[in-house]
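Those protein sequences? They're chains A and B, same order as listed. Note that the working numbering gives residue 310 to position 310 of the first sequence, counting from 1, and the numbers run on in steps of one. Position in the second sequence (first residue = 1) + 1000 = the working numbering. Quick notes on the structure that follows.
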Amino acid sequence: MAPNVIATDLSSDSLPMPKDLSNLFVPSMRGPIKSAFKSVMGNPTLAMINMAGGVPHPNTFPILQLQATVKAQKSTSTTRSESMLLLDKTRRSQTTESLDELLQYGDGCGADSYCNFLYRHTQRVHNPQYADWGVIASCGNTDSIGKAVALFCQPGDSILVERWTFPGTLSSLRAAGVAPVSVALDNEGMVPEDLDRACREWSGSTPPRAVYLVPTGQNPTGATMSLVRRKSIYAVAQKHNLAIIEDDPYYFLQLPEFVAPAPSTAATADDSINGTTATVSAAASDYSRPQSLVPSLLSMDIDGRVIRLDSFSKILAPNLRCGWITAPRYILDKIQILNETTTLQPSGLSQGLISKMLNEVWGMDGWNAHLQELRTVYTKRRNMFIQMVEKHLAGLVEYSVPMAGMFVWMKINFGSAAADQTAMPRLLDAMKKCGVMMAPGMPFSSNGPSPSDHYLRAAFALVDVEMFEPALVRLAQAITGISGRAPTASSDSVKVSLIVPTRTSVTAVNSSG
Amino acid sequence: WTYPAIIGTVVPMGVKMAPVAMDGEGAVPEALDEMLSEWSEAEQGRRPRMAYMIPTAQNPTGATMSLARKQALYQVAQKHDLVIIEDDPYYYLQFSAYQDPSQVADPEQRYADLPGLTALQPSFLSLDTDGRIIRLDSFSKILAPGLRCGWITAPRYMTDKIQFHNETSIQQPGGLSQALVSQLLNVEWGHDGWERHLVQTQREYAVRRDLFVDLCLKKLKGMVEFVVPEAGMFVWFRVLLNEEYRVKEGVMDEVFEAMVAAHVLLVPGRMFSPTGVSNSPYMRAAFSYASVDDLVVAVERLQQALKPFTQ
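See the structure below:
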């Protein structure tokens, strides 16, 4: 089975074919490499007795049925109820394969029903503007990043990345012998002028062929690119013929403008914040109104140069180890080949459960309702967290309100201790002692560590909201202990400047370390 | 001859493969020793530090190493300080020796002595006094492939490195798969139930092996040569090409096409060759998947397809 495309969208007839970027592939991935299995199997007909596949017979699979209870999605109801789904050993359901099929070796693309849903979802949300695109299953974005990088970079090559980025990616690059080339960030993410400069001034033996970025709820800075910013980045990528690896696990966690929680909601350990009920407080903003999402880079990709990485980790659960990659079909064919010698595809149980739930139990409407609910949860958390930052850390940190995701990136104001190279390590030590953990900036730096990187990344997704205040009080104490400065007088009203982030840029333009 | 995915893994990494001669039991220790003793770094590059082997029901040859063979190979590995990757997905699919059906005294007892968990051929890991074996186990053939679950056994300082690599790639197997497997093995089955399941699985494969081998010995006599597998799912046929075809260029492609035309699909040997050798008269048949009825039909079709090339 080829990477999944459903030929139901007639409008794709009028869309242009993607540009051929195969000259950007590493040598070992170029050319008409047929996957080993494909070239052997050819097109087995039903008449063919297949003694080629070294596959076990499903009679030996001891799992007879999979039953799961999942939350029901009824967008009109405020009471949660449950739905049951069932996967049968031999019988396919209306949309989903049998357990035997899900538990058998796949072809490196993922289960058809899983990919079908994600194709329709991607069509609906991003509406790609070139023909012959498809989706392929992945084991999450860490897996996808490795494959996308392997397509364009071999040991000794370089790849353009944000000045601060996901440490998992930096580790993957190190393991692959690929050097990161830092591009400056501001409070909207990667700076197009600096991407252009990095490409123009490139002097290495092999030019960068790809740029990797996290455009929504960027890890670690929390920055979200506006539509204008995305278009500018895309234009630079076109100018220098770069592939764009769009790592977008927080896309559906885009959040509305910050509003300080009213006292009645702030004080209670509201179950809905911790995700166990659907009750929406009347006093709070109306989070249930559907909001528009900033369009993805995929949605503006007329060339077919975006390899979009989606993950269920933040929108269903991380250890399902499921995601998907969207790209031109000829690129997915290469990813399939990479899958064949590595992961093959995600667990059949994960795919089956997700597919059945999305295709039959929730449907597209239920899926959207679920995503909206998640946004509600994250919005409340963000708002409560920011409120506490304002209350306890005024003057001690600089930050922007994140418009997506789960991270707040804070620059510590050490005052006169700022020049002290031990300030940050001492802060981390003090935080440990008073019992608050946040990620220091260093592992996120694509430009090597520097003692003047006075950053912390706080994640507000996991901790109980009642702990936000104690956490930030402890942080304030730790900072004060080193800077000698107490927080400036806090006010209960929300400062106007917070709604339109205008703070100084997160990083210096990328010149020094 | 080896598993195509290992070829597909190392070639893009720029890692060269040094093939080691095999016989009916797998890699030949003397061949490995000689290759390494005569290795010239000036001509061949850095000396190999690692040997990759499938010691049980080897893919594609179906060969299973005896204990003595493993001990000899282990000694060669010690002499040349090699790490051995023991890729052993068919380890638990060992069965009793093949018997000609006419020799079987009591058909009911034919499968009475399947090894279960207690009478398996010892692994390389069990011989490993140095900690130079990285053993790869998989649930693919003993539970189901789609669980995407297995495990690696090695010295802890090595598994630490593997953990780092996992963090930049797969993270770990899906939680649902792990949970199901864990619950099944720990709670529902326990060790006794696990052994019973393995015996059942061994039986399933033994029945297939016996049927398929019986048919091949009868119907393909003089057309093919093969070692009867003691484990796993593969039979590795050497096609006994007649004089006309033995020297013909591209003959195996013709043979393969004839089989496809006869509606029976095997895998040409060249898929398993690190050097891409194309004229070797080998083919791999898997007896794991086709139904019992289909196995009968398959052998007839094979006979039909091979006749012109072997008479």
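Backbone N, C-alpha and C fix where the C-beta goes; we use that ideal spot for every residue, glycine too.
Query raised in the report: So, is the C-beta of residue 1310 of chain B closer than 7 Å to a C-beta in chain A?
Result: no
Query raised in the report: Would a C-beta distance cut-off of 7 Å place residue 403 of chain A and residue 224 of chain A closer than the cut-off?
Result: Inclusion of residue 403 of chain A and residue 224 of chain A in the CB contact set at 7 Å is warranted, their separation being smaller than that value.
Query raised in the report: Mapping DSSP to helix, strand and coil, what is residue 560 of chain A?
Result: Nothing can be reported for residue 560 of chain A: it is not among the residues displayed for chain A, which extend from 1 to 513.
Report task. In angstroms with no decimal places, state the Cα-to-Cα distance between residue 1288 of chain B and residue 1143 of chain B. Result -> 14 Å
Query raised in the report: Taking the alpha helix (DSSP H) that residue 158 of chain A falls in, what are its first and last residues?
Result: Careful: residue 158 of chain A lies outside any alpha helix (DSSP H), inside the beta strand (DSSP E) at 158 to 162.
Query raised in the report: What residues in the stretch 1276 to 1301 of chain B have a beta carbon less than 9 Å from any beta carbon of chain A?
Result: 1284, 1285, 1286, 1287, 1288, 1289, 1290, 1291, 1294, 1295, 1297, 1298 and 1301
Query raised in the report: Counting Cβ pairs closer than 8 Å, one from the stretch 64 to 73 of chain A and one from the stretch 348 to 367 of chain A, do we hit at least three?
Result: yes
Report task. Go ahead and pull the three-state DSSP assignment for residue 208 of chain A. Result -> coil
Query - Ordered list of alpha helix (DSSP H) runs contained in the stretch 214 to 266 of chain A, each at least 4 residues - result: 227 to 239
Query - Neighbourhood of residue 1065 of chain B by C-beta distance below 6 Å, restricted to the same chain and skipping five residues each side - result: Answer for residue 1065 of chain B: 1025, 1026 and 1055, listed in chain order.
Report task. Identify every run of the beta strand (DSSP E) within the stretch 1138 to 1211 of chain B, keeping only runs that are complete inside it and at least 3 residues long; order them along the chain. Result -> 1150 to 1153
**Report entry** residue 302 of chain A in three-state terms, based on DSSP
**Finding:** Looking at residue 302 of chain A - three-state DSSP - the assignment turns out to be coil, as it is neither helix nor strand.
Query raised in the report: Which ranges does the beta strand (DSSP E) cover as unbroken runs of at least 3 residues, wholly within the stretch 160 to 198 of chain A, from first to last along the chain?
Result: DSSP runs (the beta strand (DSSP E)) wholly in the stretch 160 to 198 of chain A: 179 to 183.
Query - Per-residue contacts from residue 62 of chain A into chain B (C-beta, under 7 Å) - result: Here the neighbours are 1143 and 1197.
Query raised in the report: Which residues in the same chain have their Cβ closer than 6 Å to the Cβ of residue 195 of chain A, if we skip the five residues on either side of it in sequence?
Result: Cβ within range, chain order: 183 and 236.
Report task. Could you confirm whether any beta carbon from chain A is found closer than 7 Å to the beta carbon of residue 1175 of chain B? Result -> Under the 7 Å criterion on CB atoms, residue 1175 of chain B is classed as interfacial with respect to chain A.
Query raised in the report: What are the start and end residues of each continuous alpha helix (DSSP H) run of 4 or more residues lying completely inside the stretch 439 to 487 of chain A, in chain order?
Result: 468 to 483
Query raised in the report: Straight-line CA distance for residue 1164 of chain B to residue 1172 of chain B?
Result: 11 Å
Query raised in the report: Under 7 Å between C-beta atoms, does residue 1217 of chain B make it to chain A?
Result: no
Report task. Can you grab the Cα-Cα spacing for the pair residue 1225 of chain B / residue 1237 of chain B, in whole Å? Result -> C-alpha separation (whole angstroms): 6 Å.
Query raised in the report: Where does residue 324 of chain A fall in DSSP's three states?
Result: strand
**Report entry** Contact with chain B by residue 266 of chain A, beta-carbon distance below 7 Å
**Finding:** Residue placement at residue 266 of chain A is flagged as unreliable, the pLDDT there being 46, under the threshold of 50; the coordinate-derived value follows with that caveat. Interface residue (Cβ-Cβ distance to chain B less than 7 Å): residue 266 of chain A is not classified as such.
**Report entry** Selected residue, minimal CA-CA separation from residue 244 of chain A, among A:486, A:415, A:25 and A:477
**Finding:** A:25
Query raised in the report: Residues of chain A with CB under 8 Å from residue 1167 of chain B, in chain order?
Result: 142, 168 and 171
Query raised in the report: Anyone know if the C-beta pair for residue 108 of chain A and residue 339 of chain A falls short of 7 Å?
Result: yes
Report task. Go ahead and pull the three-state DSSP assignment for residue 1090 of chain B. Result -> Secondary structure at residue 1090 of chain B: coil, using DSSP grouped into helix, strand and coil.
Query - the stretch 209 to 223 of chain A contacting the stretch 159 to 166 of chain A, beta-carbon criterion three pairs below 8 Å - result: yes
**Report entry** Contacting residues, own chain, Cβ-Cβ under 8 Å from residue 511 of chain A (five flanking each side not counted)
**Finding:** Note that residue 511 of chain A has pLDDT 30, beneath the 50 cutoff, so the model's placement of it is unreliable and the number below is only indicative. Excluding sequence neighbours, residue 511 of chain A sits near nothing in its chain.
Query raised in the report: When you compare only the Cα positions, how much space is there between residue 360 of chain A and residue 84 of chain A?
Result: 11 Å
Query raised in the report: Any beta-carbon of chain B closer than 7 Å to the one on residue 109 of chain A?
Result: no
Query raised in the report: In chain A, what lies closer than 7 Å to residue 1012 of chain B by C-beta?
Result: Simply 28.
Query raised in the report: Can you round the beta-carbon distance between residue 325 of chain A and residue 144 of chain A to whole angstroms, since I take them to be within the 8 Å contact cut?
Result: 5 Å
Query - Secondary structure of residue 1248 of chain B, DSSP reduced to three states - result: coil
Query raised in the report: Quick one: any contact between the stretch 464 to 482 of chain A and the stretch 196 to 203 of chain A, if contact means 3 or more CB pairs under 8 Å?
Result: Contact between the stretch 464 to 482 of chain A and the stretch 196 to 203 of chain A is absent, because fewer than three Cβ pairs lie under 8 Å.
Requested in this report: Starting from the C-beta of residue 27 of chain A, find all residues in its chain whose C-beta is less than 8 Å away, skip the five residues before and the five after it, and write them out in chain order.
Outcome: 154
Query - C-beta contact flag for residue 1223 of chain B and residue 1306 of chain B at 7 Å - result: yes
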